[in-house]
Each structure stands twice: as C-alpha cells, then as structure tokens.
Amino acid sequence: MQQELDKIWNGWKLGGLLGEGSFGKVYRIERAEFGHVYEAALKVITIPQSQAEMRSILNDGMDEKSATMYFRSIVEDIVEEFVLMSRLKGNTNIVSYEDHAVIPHEEGIGWTIYIRMELLTPLYDYLREHELSVRDVIRLGIDMCSALEICQRYNIIHRDIKPENIFVSNLGRFKLGDFGIARQMEKTSSALSKKGTYSYMAPEVYKGDTYNSTVDIYSLGIVLYRFLNNNRTPFLPAYPQPIRYSDKEKANVMRMSGEKMPRPCNGEGRLAEIVLKACAFDPRERYESASDMKQALKGVLYEAEEAGLAYPQGDRLKNEKAEYVSTGPKPEERLPRHTEPEPEEEQEEGTRFLFEEPAEHRKPEPRPKPEQKPEAKQEEGTRFLFEEPAEHQNPQPETKEPEKEEPKPEDETGQDRQTAAEEKEPLPEVLNVKPGRSKKKAALTGIVLAGLLVAGCLAWQGYQKSLVKEVPGLTGMTLDMAAGAAEDFTLVEKEAVYSDQVESGKIISQSVDAGTVLKKGDTIEVTVSKGVPPVETPALVGLAADEAQAAVESAKLVYQATEAWSDDVEAGRIISQDPGVPSTLAPGQTVSVVVSKGAELVPMPDVKGKNLEEAMQALESAGFISCTSKEAYSDEVAKGLIIKQNVDVDARTAKNTAVELTVSAGRDPEKVAAEKKAEEEKKQKEEEAKKAEEAKQAAAAKNSGGSTTTKSSSSKKSSSSKKSSSKKSSSKKSSSKKTDSIDSWDLVN
C-alpha cells in the first residue's frame, strides 16, 4: 500500500491501522517537513468489497459488463459526495476532508478509493481514557445537532449515526464523520450486513418506508440513550445482567414495533424527555429539526440554574443511577429575574428534574403556620414578646357591647374553658417579665434586635456578593484554560475565525469585557482562532517550471520539484502537483510538483534485412512506432525485406518516435523486360546469320557440279583437296559458331 500512497501523495508515510469500520479500514499517515510532522487519517475503501460480492451480483443475472457499470456508478456517486464534502470542510463538528484518489484495479473489476482526512480520536478510544459525565453526554448531543444542522442545510441525510462514526478533537469537541459514504455504500450487497447497522436505525428506514431527516435525529437519540443507560440500548437487560444474542434480537423487535421506551436509568426529568422525544416511533412526534433538539439540550445544560439545579463535581456515569445534589440557592433566595411570577410547569407523576436532589436527602420545608389571633385573656404579669410596656400604651376606652350568650351548663367553669384553650394550637412563645424590670429588659431586647438586624443585612450583602463574579480576561487562552478561569460562568464558543495574530485554538475576543461583574452562570461568548487563514493552492499543471515556482512562492507556499520522463508533456513543464486543485493550504506548507524531462531517449535498433513483421516487433519493443512509408525496387534485397530506415542505427531517439521503413518490392519489371527483349533479338540475329551461311554453301556446291570428265582426275584431286579444305573450313566454322554460342550464353547470363 505504501507504493500506491507514494504514487498518489508523495511524501506521506503509512503508519499503523487505526480501525476497521463497515466500509473500509483507517490508517494513520504522516509527513515530515521542515522539522515538523503532519498527521492525517487515511480511509481505504474497496469497490466491490470482496469477490464474493462480485459473484453475488453476477448470480443475480447481471453479465460482467453490467456488473462493471453498476459498481462504477457507485464509485462515481461516492466521488460526487467527496465534492460535497469539500464544501463542508472547516465546520467545527464535521470531520474535515482533505483529498481523495480513485485507483482502478489492474486485474479484474474493482476500484480502491483513498480518502485523506484530519486525524481525530475515535469516541470509544476517547472513552477508555476519560469518564463520561452527564454533562459530556449533553455536550455530545449538542455537537452532533450542530453537525446535523449542516446536513439539513445541504439536504444531506447521514443515515449512519452511531458511536463508531463520532470522533473527538484535541480541543474536546465531538465531530461526525463518514459523510456521504454511508448512503452510497448501502448500494453494495454486503453493506447492510455489517455489525451495528440495525442498533441505531430508525424504524421507517428498517421497514423501507418513506423517510426524511428525522431519521438522523432518531439515531442520535439512541446514541444518547445508550450513554445514559449504562452503555445499553433500549429494551436490553439492565446492567449487570449478561446480554445474549436473543436479547438483542428481542430488543430490536420491540423497538421496531413501537413499544414504549423506558427512560434511561441515568436520565432525569427534562433530559429524559428530550431523549425519548428524539427516539419517538412516529417521526411526527420527534424534533422537526436538529436546531430544535439543540436548543432543548442547551436549555438543560445552560439554564439549569432556572430550576435551582447544579451540576455536582461527581456527575460521572457509573453502573448505577447517578446521584445529584442541589448546591445552589433556594428559589426564593436567588436574585429575581422576572417581575411577574411564571406559571409552574405541570410535572408528570413519578418524574423529577435533572439533578434534583433525591427525596431522602432533602430537608422538609417548614409549613406556613396558620395566622394566630391573640387570646382575649392574659395571665397577670405576662405580656407577649416585643409588646410595648403598659405605660407607653395609649389607653383605649372600654366599650362593651351587650353579649348574647346562650345558656351553658353549670359545670362549665373558667377552668374548663382554660383547659379547652390549651388543647388548641399553641400560641407563639412568650416571655415572663417581672413588672419592676420591664424598661431595662425592653432596652436590652432592642439592642439585641438591632444587632441581629445589622448581622442579617451584612449576611444578605455577603450572599448577594457571592452570587456575582468579576469576568476574567480570556483572550490568548485555549478553551480548556478559559473554562477553568471562567468556571463560575457558562462559556460558549460563538465562532471560529482565521487570524494572523492569534495562534490556532486560542481565544481572540470575548463578548463581555474583563472586569465586568456578572451573576454566576451567565453566558460569555468567545471567538476562537483557527490560525493563519489558508490560501488557495495555485493550478500548476502545464505551466513552465519557473512560472510554477513563482506562483507557489507568491502564495507564501514552499515549492518542491522532482523530474520525470513524460511522453505527453513537453520538457520543462509541470506534469502533476500535490495537493491538487481545488484545495487550500496553510502558509508555509509545501506544494510538490513533477517537472517533465520530455520523452525518454533510447538507441535505435537496426531492422534492415528483416521482414516487415519482425521489424515492427523490434521497433515497438524498443519503444518506437513503426511507419511503412513506401516500397522501392532493389536488385540486391529480396522482395518483402527492409531496405532502409529513416533513423540511423544506434542513434539515441525519443520514445514513441515514428520510424519510416522502406520495404523492397523486388527487381524493377521494366528493366527485366528490357533485358529479356535484348536477349530475344540477339538469338534472332544469330539464326538469320546461320541461314545465310547455309544458303551460301549450297550455291557453291551447285556451281562446282558442271566441270568435264577430263579434268576428273585433277578435279578429284582438287575436290579431295577442297573437301579437305572444306572440312577444315567447316571445322573452323563449327568451332567459330560454338564459340559464338558460348559468348551469347555468357551474355544472356
């Protein structure tokens, strides 16, 4: 795989395997540059995922061509999703996608997709090192709702929200991954058979009914339910009972059939209501949008003070119901927030609010006592506490009205009436004061009351001061540092922006100036730096090397070049670049380019004397293109053999150069015909000469036949002599003819 990685993104080195999901494997990759090591995650997806999947498609009736088109369409759809993912890059709660490459398989049908994205910690790995609190679960829900808001903005339905697709950044933010891939991979025959798919699936998706974006809200609700329920999804046996396969099947059946879900064991009051609403069987009963669910969760997290609740330090989720202790002021002691009382919310029976103190830990509030009326009769020498002495009282004239009393039994005496009065509710505590010391006691009582009043006022002022705090300066801090410095307030990240001045991950500004006094729990919004703004990677392919270098350096990036042979790109121009376009880089990062050296030069082979087929094979093996331009007559080279080539033998020539070959057409037919005609004419002349000689000899013989007999003896001698001479002459002529015939043969040949 390292070889493939070098071809795609030169400089990145393959690390260890991080995990294996439903659709592929994830590896750690890194690149060292200028003394820094950059890390990223590499996801590798294979289409089709196995040969068995390919056979399954073929067994369904598709031929090989149709199967190839089918899987290719899946790859094309995934690539379209990558284009969309590049638009989502930079969102706080979505895994940032950097680049991708699709490599076709050399043998058989298939493609391997390489996806480079930011390196994050998987949620389950994070949980091995960090205990999860109720606050963390709520924040997870808020972050996932933020991710789903982006989804709904781009009309995306994720359909695969589960803990395996949730990641944690180094700043503690939760991010949603595997965007776009889930929908397209479900088209493959093996995708839905993967582990964990049904556990978070909405019922309408499982049944194949029409669905909308609320299926993602349902899946998120199941995720929150699980973490609030001792890591168990709805309807599974309670911890610590073991879970069997039949239990999981039964739980899924109950969930898909619409059974009413019990509340999660660690979810209380409003939080339980939010989770159960998200998990509603009927989509119409769920939250209509992720924004609505997000606001509801924020209400639980940030407005807990409104209900007199507080998050304890130990709100960690154990294998039992979490205990929550109310440490905040009582409702009547808090600073008033409304001029008019708000109607109390109706609470269902058996439901209590999040972090409400258990009944066995609460102190009973005193019941208001009924208004007491002073008794008409008072013992002598006794007065009520704080009663004004008699000498300071204004005497009031007694006016008696005639009383109409009904007749009473004689045995009902004053003592009986006193006993009946004692049986009534006791009067306020009284103090016995002797008549002689009334003034002194009254003065002492006034002093005590004044001291108590002053102490009460001071205590009230101290209490009021404890409800407000001075806002600290947070600029330049990380979010974790700021959370510790502003622990008395609710810290909210308003936005993340680029900054040339403030380091990435640190606070640029805060909504409330340092030194301002606010009530505890009030919200402070901060703006966080994303570091130096990225720059667009310039398009370099096809440019001359010096032009490409100037473009890279003008963008404040680092130019790095290597050379390679190229049959298609002119020497000195850019063949490829990494990263490609469109993409962005931080200033100072490197753009790697490959500069063409032109076509590779190789020696020209000698193909003269070979037949055409052999010559073409020799040229193509050496990297050239054979081109037969013409035929030519040759007295030396047989027909069909190469006479000559237009490039000299052993001359170093660029590959793919077209070589012109001249093929022999044999001897020139006109020349051959002329030679034949000349030979025939020569033979004809020789025959005519022979005939003339024979005629001459016949005439001579005729003339010699008329001589006399007297001369016979001399004639005989003469004849004998002539015959002898004739024989010699004939012998000479015969010899001469033979010689001429030999010469003529030699001439013909």
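With the first letter of the sequence shown counted as 1, position 135 gets the number 697 in our numbering; the numbers rise by one all the way through. Cβ coordinates follow ideal geometry from the N, Cα and C atoms, glycine included. Note that the structure is a prediction, hence the values are computed from the model and not measured.
- request: Tell me whether I1187 is buried or exposed, calling it buried when 16 or more other Cβ atoms sit within 10 Å of its Cβ.
  value: exposed
task: Return yes when the Cβ of S708 is within less than 8 Å of the Cβ of N774, no when it is not.
output: no
- prompt: So, using beta-carbon positions, are V1097 and P1149 closer together than 8 Å?
  reply: yes
task: State whether the stretch 1064-1082 contacts the stretch 1114-1122, with contact taken as three or more CB pairs (one from each stretch) at a distance under 8 Å.
output: no
- prompt: At what residue ranges does the stretch 1121-1205 contain a whole run of the beta strand (DSSP E), taking only runs of 3 or more?
  reply: 1136-1140, 1152-1158, 1163-1165, 1187-1194
task: Between the Cα of Y780 and those of S628, K1258, S761, spot the shortest distance and give me the residue it belongs to.
output: S761
field: W574 burial status per 10 Å Cβ neighbour count (16 or more: buried)
entry: buried
- prompt: Counting pairs of Cβ atoms below 8 Å between the stretch 1216-1229 and the stretch 1198-1207, do you hit three or more?
  reply: yes
message: Restricting to runs no shorter than 4 residues, where is the alpha helix (DSSP H) found entirely within the stretch 1057-1086?
response: none
message: Below 8 Å on the Cβ atoms is my contact criterion, and I expect E1087 with K1068 to pass it. Report the Cβ-Cβ distance as a whole number of Å.
response: Actually they are not in contact, since the Cβ atoms of E1087 and K1068 sit about 16 Å apart, beyond 8 Å.
query: F596: buried (16+ other C-beta within 10 angstroms of its C-beta) or exposed?
result: exposed
- request: Closer than 6 Å by C-beta to P898: which residues in its own chain qualify, once you throw out the five before and the five after it? Chain order, please.
  value: Below a pLDDT of 50, predicted positions are generally treated as unreliable, and P898, at 35, falls in that range; the measurement from the model is reported next regardless. Contacts found: none.
query: Using the beta-carbon count (16 or more within 10 Å), is V1211 buried or exposed?
result: exposed
query: A1220 bridges to which residues according to DSSP?
result: I1187
- request: Output the boundary residues of the beta strand (DSSP E) element that contains A594.
  value: 587-595
query: Quick one: what's W673 bridged to in DSSP?
result: I609, P666
task: Spatial neighbours of T1040 within its chain, please: CB distance less than 8 Å, with the 5 preceding and 5 following residues excluded, ordered by chain position.
output: L733, G1067, K1068, I1069
- request: Would you give the residue range spanned by the alpha helix (DSSP H) that I636 belongs to?
  value: 626-649
message: I believe Y659 touches M679 by the beta-carbon criterion, under 8 Å. Please report the beta-carbon distance rounded to the nearest angstrom.
response: 5 Å
query: According to DSSP, what are the bridge partners of M679?
result: A603, Y659
task: Starting from A1106, follow its DSSP beta bridges and name the residues at the other end.
output: R1135
- request: Could you pull the start and end residues of the alpha helix (DSSP H) that V730 belongs to?
  value: Counting along the chain, V730 falls outside any alpha helix (DSSP H), though it belongs to the beta strand (DSSP E) covering 728-730.
query: Any idea what DSSP makes of E766, helix, strand or coil?
result: helix
message: Under DSSP, the alpha helix (DSSP H) around K1092 begins and ends at which residues?
response: Neither: K1092 is in no alpha helix (DSSP H) and is coded neither H nor E.
- prompt: Going by beta carbon distance, what residues of the same chain come within less than 7 Å of L579, once the five residues before and after it are set aside?
  reply: K587, Y589
message: Quick check on P826: does DSSP put it in helix, strand or coil?
response: coil
message: Taking the beta carbon of R1317 as the centre, do at least 16 other beta carbons fall within 10 Å, making it buried, or is it exposed?
response: Outside the displayed range of the chain (563 to 1311) lies residue 1317, so it cannot be described from this structure.
field: First and last residue of the uninterrupted alpha helix (DSSP H) at K1239
entry: 1231-1265
field: Residue from V664, Y716, N791 whose Cα sits closest to the Cα of I609
entry: V664
message: Along the chain, where does the alpha helix (DSSP H) containing F736 start, and where does it finish?
response: Not the alpha helix (DSSP H): F736 falls in the beta strand (DSSP E), residues 736-738.
- request: Using three-state DSSP, classify E847 as helix, strand or coil.
  value: helix
query: Hey, does E691 have any beta-carbon neighbour from chain C nearer than 8 Å?
result: The chain labelled as chain C is not found in the depicted structure, where only one protein chain is given.
- prompt: Of the choices K810, Y807, S808, A842, whose alpha-carbon is the least far from that of P824?
  reply: A842
message: Please tell me whether F789 and V699 are closer than 8 Å, where the distance is taken between their beta carbons.
response: yes
task: Note down the Cα distance separating Q565 from Y676, rounded to an integer number of angstroms.
output: 13 Å
- prompt: Is the distance from the Cβ of I1137 to the Cβ of S1154 below 8 Å?
  reply: no
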